[in-house]
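Letter by letter, the sequence shown follows residues 133 to 383 in the numbering used here. Note that the Cβ used here is the ideal one computed from N, Cα and C, for glycine as well. Here the structure comes first, spelled out in structure tokens, and everything after it is commentary.
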Amino acid sequence: MAIQKGDFIKLSYTGKFEDGRTFDTTDEELAKKEEIFNPRGLYGGDVVIVGAGHTIEGLDEDLEGKEAGYSGTVSIPPEKAFGPSNPKLIETVSITKFQDRNVHPGLPVELDGRRGIVSRVIGRRVTVDFNSPLAGKTVTYEYTIEKVLEDEVEKVQGLLALYTGMRDTEVEIADGIAKINVPTGLTFNQRWLMAKNRVASELFKYAGLKEVQLIEKLTAEAEAEVPAPAEPEVEAEAETEAKEEPSESQE
């Protein structure tokens, strides 16, 4: 049966630039080989909802009409990939802004809390591009639709894995009500705190659920593993990292 919007699918993919360099993949071995491995990443394929914006627009559109087992390649222009480069984010500053004056094109830098890449150096003037490294790029995705999910529990677990990076969360579903046992670790996870309402909304819309119950299960064994409250500086740092960390399927 042809895949359509709203279907839950398991998708494996590799994203490449036009010069053949890999920038994203669900293949752990390839990620290590290409030196883009993220130890906090989730490999082995993502569960996504077609049409829900879980992948870039061009790939999302290409999934429609295909069938489980399909493998193919799609070339995606910037406007349907990671967006065009914004000229307002390309700035020229004095070299005195840099503690280390030994700057050169291609050097990653950070100024006033913003990360960018040096694109040009003329005399004492340095041009820095603060756009995402993916902006303005035509990209190619090689992908395989491994399967279409039909089981309700698999759908919920897959969506939770997409947003939290944790597989096999304990889930029970009956009469349109999903009971999700939230692992203790997620209680302190900023990424989860920001995403849980969206997860529930997508389950209502695409999985036909009418209620989602998030249950914190505490046990004597788990109590010893609960981290102590962080100092204010640590909490602020953790929140910053959570905001900077993208979703595994949209990098």
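Beta bridge counterpart(s) of residue i as assigned by DSSP
{"i": "Gln345", "result": "Lys311"}
{"i": "Phe140", "result": "Ile181"}
{"i": "Ile254", "result": "Arg257"}
{"i": "Phe149", "result": "Val271"}
{"i": "Leu243", "result": "Arg246"}
{"i": "Ser203", "result": "Thr276"}
{"i": "Asp156", "result": "Gly147"}
{"i": "Glu304", "result": "Lys311"}
{"i": "Val225", "result": "Val258"}
{"i": "Ile208", "result": "Val271"}
C-alpha gap between residue i and residue j, whole angstroms
{"i": "Arg323", "j": "Glu196", "result": "29 Å"}
{"i": "Tyr295", "j": "Ala327", "result": "7 Å"}
{"i": "Arg247", "j": "Phe262", "result": "6 Å"}
{"i": "Arg172", "j": "Lys212", "result": "27 Å"}
{"i": "Lys137", "j": "Glu166", "result": "33 Å"}
{"i": "Lys198", "j": "Gly147", "result": "19 Å"}
{"i": "Val225", "j": "Gly215", "result": "25 Å"}
{"i": "Asp139", "j": "Leu243", "result": "43 Å"}
{"i": "Ser203", "j": "Thr276", "result": "4 Å"}
{"i": "Ala352", "j": "Arg233", "result": "55 Å"}
{"i": "Leu346", "j": "Asp300", "result": "15 Å"}
{"i": "Ala356", "j": "Gln231", "result": "Caution is warranted here: a pLDDT of 47 is assigned to Ala356, below 50, making its placement in the model unreliable, and the coordinate value is therefore given only provisionally. Each residue's Cα considered, the two are about 44 Å apart."}
{"i": "Thr205", "j": "Glu274", "result": "4 Å"}
{"i": "Asn170", "j": "Leu162", "result": "12 Å"}
{"i": "His422", "j": "Arg330", "result": "No information on residue 422 is available, as it lies outside the stretch 133 to 383 that the chain covers here."}
{"i": "Leu325", "j": "Ile254", "result": "46 Å"}
{"i": "Val303", "j": "Lys337", "result": "18 Å"}
{"i": "Asp151", "j": "Val250", "result": "20 Å"}
{"i": "Gly245", "j": "Ile168", "result": "23 Å"}
Contact set for residue i: own chain, Cβ-Cβ below 6 Å, skip 5 residues either direction
{"i": "Glu223", "result": "Val260"}
{"i": "Gly308", "result": "Leu341, Lys342"}
{"i": "Ser207", "result": "Thr272"}
{"i": "Glu189", "result": "Lys212"}
{"i": "Pro361", "result": "In this prediction, Pro361 scores a pLDDT of 43, lower than 50, which makes its location untrustworthy; no coordinate-derived value is stated."}
{"i": "Ala339", "result": "Lys287"}
{"i": "Leu221", "result": "Phe262, Asn263"}
Contact set for residue i: own chain, Cβ-Cβ below 7 Å, skip 5 residues either direction
{"i": "Phe149", "result": "Phe155, Lys269, Val271"}
{"i": "Val344", "result": "Ala310, Ile312, Ala332, Leu335"}
{"i": "Gly177", "result": "Lys142, Leu143, Ser144, Thr158, Glu278"}
Contact set for residue i: own chain, Cβ-Cβ below 8 Å, skip 5 residues either direction
{"i": "Glu334", "result": "Ile181, Ala184, Leu291"}
{"i": "Thr228", "result": "Arg256"}
{"i": "Ile305", "result": "Glu284, Val285, Val288, Lys311, Leu341"}
{"i": "Met133", "result": "Glu199, Val280"}
{"i": "Ser264", "result": "Phe214, Gly215"}
{"i": "Pro210", "result": "Pro216, Ser217, Ala267, Gly268, Lys269, Thr270"}
{"i": "Leu191", "result": "Tyr145, Val206, Ile208, Tyr273, Tyr275"}
{"i": "Val235", "result": "Ile227, Val241, Val250, Val253, Val258"}
{"i": "Glu363", "result": "Confidence is the limiting factor: at Glu363 the pLDDT is only 43, short of 50, which leaves the residue's position unreliable and the question unanswerable from this model."}
Which listed residue (the options) has its alpha carbon closest to that of residue i
{"i": "Lys349", "options": "Lys311, Asn329, Tyr273, Met326", "result": "Lys311"}
{"i": "Asp159", "options": "Leu143, Gly152, Asp151", "result": "Leu143"}
{"i": "Pro219", "options": "Arg153, Ile347, Ala267", "result": "Ala267"}
{"i": "Tyr175", "options": "Thr157, Leu191, Asp192, Ile168", "result": "Thr157"}
{"i": "Leu318", "options": "Ala339, Lys337, Ala293, Tyr338", "result": "Ala293"}
{"i": "Pro315", "options": "Gly297, Asn329, Val250", "result": "Gly297"}
{"i": "Asp194", "options": "Val179, Ile135, Arg153, Ile249", "result": "Ile135"}
{"i": "Val103", "options": "Lys337, Glu282, Glu302, Asp151", "result": "With the chain represented from 133 up to 383, any question about residue 103 goes unanswered, as that position is not in the structure."}
For residue j and residue i, believed in contact at Cβ under 8 Å, the rounded distance
{"i": "Pro237", "j": "Arg252", "result": "6 Å"}
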